[in-house]
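Visitor: Encoded as structure tokens, here's the structure I'll be asking about.
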Amino acid sequence: MTAPWPDVVLREYGPAVSVPLGAAAGRALAASGVLQSVTPDPAQDGHWLLRAGSRVGALRTPGGPIVRIMPKTPVSRIFFLLGFSLDPERAWRDDREGTVDTGAYDDVVPALAHAVERRIDAALRQGVLQGYREVEESSLVVRGRIREADQIRRHFGRTPPVEIAYDAYTADTAENRILRAAVERLLRLPGVPGPVRRRLAHQRVRLADALPLVRGQELPRWQPSRLNSRYQPALRLCEAVLRGSSPEHLLPGADPLAVDGFLFDMNQLFEDFITAALSAALKERGLAPRPQDPHHLDTAGLVRIRPDLVVRTRDGRTPVAVVDAKYKVEKADGRLNADLYQALAYATVLGLREAHLVYAAGREPTRFHEVRGTAAGADGGGLRLYRHSVDLAREPRQLLSTLSDIAVLLTRACSST
5 MTAPWPDVVL
15 REYGPAVSVP
25 LGAAAGRALA
35 ASGVLQSVTP
45 DPAQDGHWLL
55 RAGSRVGALR
65 TPGGPIVRIM
75 PKTPVSRIFF
85 LLGFSLDPER
95 AWRDDREGTV
105 DTGAYDDVVP
115 ALAHAVERRI
125 DAALRQGVLQ
135 GYREVEESSL
145 VVRGRIREAD
155 QIRRHFGRTP
165 PVEIAYDAYT
175 ADTAENRILR
185 AAVERLLRLP
195 GVPGPVRRRL
205 AHQRVRLADA
215 LPLVRGQELP
225 RWQPSRLNSR
235 YQPALRLCEA
245 VLRGSSPEHL
255 LPGADPLAVD
265 GFLFDMNQLF
275 EDFITAALSA
285 ALKERGLAPR
295 PQDPHHLDTA
305 GLVRIRPDLV
315 VRTRDGRTPV
325 AVVDAKYKVE
335 KADGRLNADL
345 YQALAYATVL
355 GLREAHLVYA
365 AGREPTRFHE
375 VRGTAAGADG
385 GGLRLYRHSV
395 DLAREPRQLL
405 STLSDIAVLL
415 TRACSST
């Protein structure tokens, strides 16, 4: 019997690792786009060079090993960022430290599975939520209302059977379908610990009356209400699980190859956190933040730009500052210059006197560049490009305090206009 493939451990933005991998598994992994680079190893036949980028988590290659991508940021902090991004009002984060309950796990998938199971258990503690759902069916007895058009089209007006529609009080609701789908998704993931897997299987039994979702279809929609308030923390986390699932990939002229797993994109997660946290802080100060505010660089409207956050006055009419998040360490090279050019373009298009770049790490908390040749403001200064650093290794309260300081600086920009 052939021994199972050993797990492959990569580091976020770490060096490439040479891994024995079949051609089909290597092609599928390359086509998936989940790694920064996947190429045949020229030094060893049957080996591929794998290098991780911004995505962290785990995935199972077809006919190959499980690939685990370890984050640079502590797992508990990753789930704090996720929690704030999903619910800035802090409705579902722990009251103690503002972090999700990840248990004692320091790997992404085990921590995720534990957190989801605990949230589902809390949601179902008072019983499975039920609600009314419209049912259309053929029946030998009349229940609800007769669907006259279908009755005539299908049965030429004869009875029985009768085409009816009625409201059924059932556990097969959008909310329960989402919870069940997330449980089943987690049970298929590589690396879920045995105790957590058993608890997830128990939750699946509790949600058995909810129909399974068809893979590839959109998630069912649910509306927040007083009745489903106890479900909402679990629903937001479960939707993140389902949206983070890797799709199937089809190579030209080949059979479909599946890359199965769950991954967080740290670039997107950091951007979402900065946008949500700064928006919350700015609203408290009477400003109107606009995430992903679309504009055009040129007068013909051909070159589109979309800053992460445009800060506007209370009435929402006048932009006063622009913010862009960068999940990378600042380095004194061309990449930093490109970031400054991008910020300058945003400020120029919007007619602003300042733009702000927020990095995940850096050498100094806050500093700025004053652009030569720009018109002087009331204080005699020109257009300023600020660079801020947010250390993700710090505690949640310290992170939010840093962003609060940035919000104060953005508020001053409003008062000086």
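Here the working numbering = 1-based position in the sequence shown + 4.
Each residue gets a CB set at the ideal place from its N, CA and C atoms; glycine is no exception.
On a predicted model such as this, the values are computed, not experimentally measured, just so you know.
Report the rounded CA-to-CA distance for residue 61 versus residue 165, giving the unit in angstroms.
Guide: Taking the first residue of the sequence shown as 1, we reach residue 61 at position 57. Taking the first residue of the sequence shown as 1, we reach residue 165 at position 161. Cα to Cα, the separation comes out at about 53 angstroms.
Visitor: Give the straight-line distance between the Cα atoms of residue 265 and residue 295, rounded to the nearest whole angstrom.
Guide: Indexing the sequence shown from 1 puts residue 265 at position 261. Indexing the sequence shown from 1 puts residue 295 at position 291. When rounded, the distance between both Cα atoms is 29 angstroms.
Visitor: Check each candidate in 134, 109, 374, 417 and name the one with the smallest Cα separation from residue 234.
Guide: As a working mapping, residue 234 is identified with position 230 in the sequence shown. That would be 134, whose Cα lies nearest to the Cα of residue 234.
Visitor: Would DSSP call residue 49 helix, strand or coil?
Guide: Here the question's residue 49 lines up with position 45 in the sequence shown. Correct three-state label for residue 49: coil.
Visitor: For the stretch 121 to 136 and the stretch 174 to 191, state whether three or more C-beta atom pairs, one from each stretch, are separated by less than 8 angstroms.
Guide: With the cut-off at 8 angstroms, the stretch 121 to 136 and the stretch 174 to 191 touch.
Visitor: Cα-Cα, which of 276, 282, 268, 199 is closest to residue 247?
Guide: Here residue 247 is taken as the residue at index 243 of the sequence shown, counted from 1. The residue with the shortest Cα to Cα distance from residue 247 is 268.
Visitor: Taking the continuous alpha helix (DSSP H) assigned at residue 35, which residues delimit it?
Guide: Along the sequence shown, read from residue 1 onward, the residue named residue 35 stands at position 31. Looking at the DSSP string, the run of the alpha helix (DSSP H) that includes residue 35 is 27 to 36.
Visitor: Locate the beta strand (DSSP E) running through residue 61, then write down its first and last residues.
Guide: Walking along the sequence shown from the start, residue 61 turns up at place 57. Per DSSP, residue 61 belongs to the beta strand (DSSP E) from 59 to 64.
Visitor: Under the three-state reduction of DSSP, which class applies to residue 138: helix, strand or coil?
Guide: Working through the sequence shown from its first residue, we reach residue 138 at position 134. Strand.
Visitor: Once you ignore the five residues that flank residue 194 on each side, which residues in its own chain have a CB closer than 6 angstroms to its CB?
Guide: Indexing the sequence shown from 1 puts residue 194 at position 190. So the qualifying residues of the chain are 62, 64, 70.
Visitor: If I measure Cβ to Cβ from residue 9 and keep anything under 7 angstroms in the same chain, skipping five residues before and after, which residues do I get?
Guide: Residue numbering aside, residue 9 sits at position 5 when the sequence shown is read from its first letter. For residue 9, where only same-chain residues beyond five positions count, the Cβ hits under 7 angstroms are 68, 69.
Visitor: What does the alpha-carbon distance come out to for the pair residue 1 and residue 349?
Guide: Because the chain is modelled from 5 through 421, residue 1 falls outside the range shown and cannot be assessed.
Visitor: For residue 251 and residue 36, what's the separation of their Cα atoms in angstroms?
Guide: For this step, residue 251 is matched to residue 247 along the sequence shown. For this step, residue 36 is matched to residue 32 along the sequence shown. Low per-residue confidence applies at residue 251: pLDDT is 37, beneath 50, and the placement is therefore not dependable, though the value from the model is reported in the following sentence. The straight-line gap from Cα to Cα measures roughly 8 angstroms.
Visitor: What residue range does the alpha helix (DSSP H) around residue 288 cover?
Guide: For the purposes of this step, residue 288 is taken as the residue at position 284 of the sequence shown. It spans 270 to 288 - the alpha helix (DSSP H) in which residue 288 sits, taken as one unbroken run.
Visitor: Any idea what DSSP makes of residue 345, helix, strand or coil?
Guide: Position 341 of the sequence shown, counting from 1, holds the residue named residue 345. Helix at residue 345.
Visitor: Need the endpoints of the alpha helix (DSSP H) that residue 120 sits in, please.
Guide: Counting from one through the sequence shown, the residue named residue 120 turns up at place 116. Run containing residue 120: 112 to 127, per the alpha helix (DSSP H) assignment.
Visitor: Measure the beta-carbon distance from residue 326 to residue 286 and round it to whole angstroms, keeping in mind my assumption that it falls under 8 angstroms.
Guide: Indexing the sequence shown from 1 puts residue 326 at position 322. Indexing the sequence shown from 1 puts residue 286 at position 282. About 12 angstroms; that fails the 8 angstroms criterion.
Visitor: Count the C-beta pairs between the stretch 191 to 207 and the stretch 221 to 229 that are closer than 8 angstroms, then say yes if the count reaches three, no if not.
Guide: Verdict: no, contact absent.
Visitor: Is it the case that the Cβ atoms of residue 329 and residue 204 are separated by a distance below 8 angstroms?
Guide: Here residue 329 refers to the residue found at position 325 of the sequence shown. Here residue 204 refers to the residue found at position 200 of the sequence shown. No. Outside cutoff.
Visitor: Please report the straight-line C-alpha distance between residue 74 and residue 318, rounded to a whole angstrom.
Guide: Numbered from its first residue, the sequence shown carries residue 74 at position 70. Numbered from its first residue, the sequence shown carries residue 318 at position 314. C-alpha separation (whole angstroms): 42 angstroms.
Visitor: Grouping DSSP H, G and I as helix and E and B as strand, with all else coil, what is residue 331?
Guide: Here residue 331 refers to the residue found at position 327 of the sequence shown. Strand at residue 331.
Visitor: Can you look up residue 313 in the DSSP assignment and give me helix, strand or coil?
Guide: Here residue 313 refers to the residue found at position 309 of the sequence shown. Of the three classes helix, strand and coil, the one that applies to residue 313 here is strand, per DSSP.
Visitor: Could you round the C-beta distance between residue 360 and residue 390 to whole angstroms and report it? I think they count as a contact, below 8 angstroms.
Guide: Reading the sequence shown from its first residue, position 356 is the one you call residue 360. Reading the sequence shown from its first residue, position 386 is the one you call residue 390. Residue 360 to residue 390, Cβ: 4 angstroms. Contact.
Visitor: Output needed for residue 79: all residues of its chain with C-beta closer than 8 angstroms, excluding positions within five of it in sequence on either side, in chain order.
Guide: Position 75 of the sequence shown, counted from the first residue, corresponds to residue 79. These residues qualify, in order along the chain: 106, 109, 110, 111, 112, 115.
Visitor: From the DSSP output, in three-state form, read off residue 407 for me.
Guide: Counting from 1 along the sequence shown, the entry for residue 407 is found at position 403. Here residue 407 sits in helix by DSSP.
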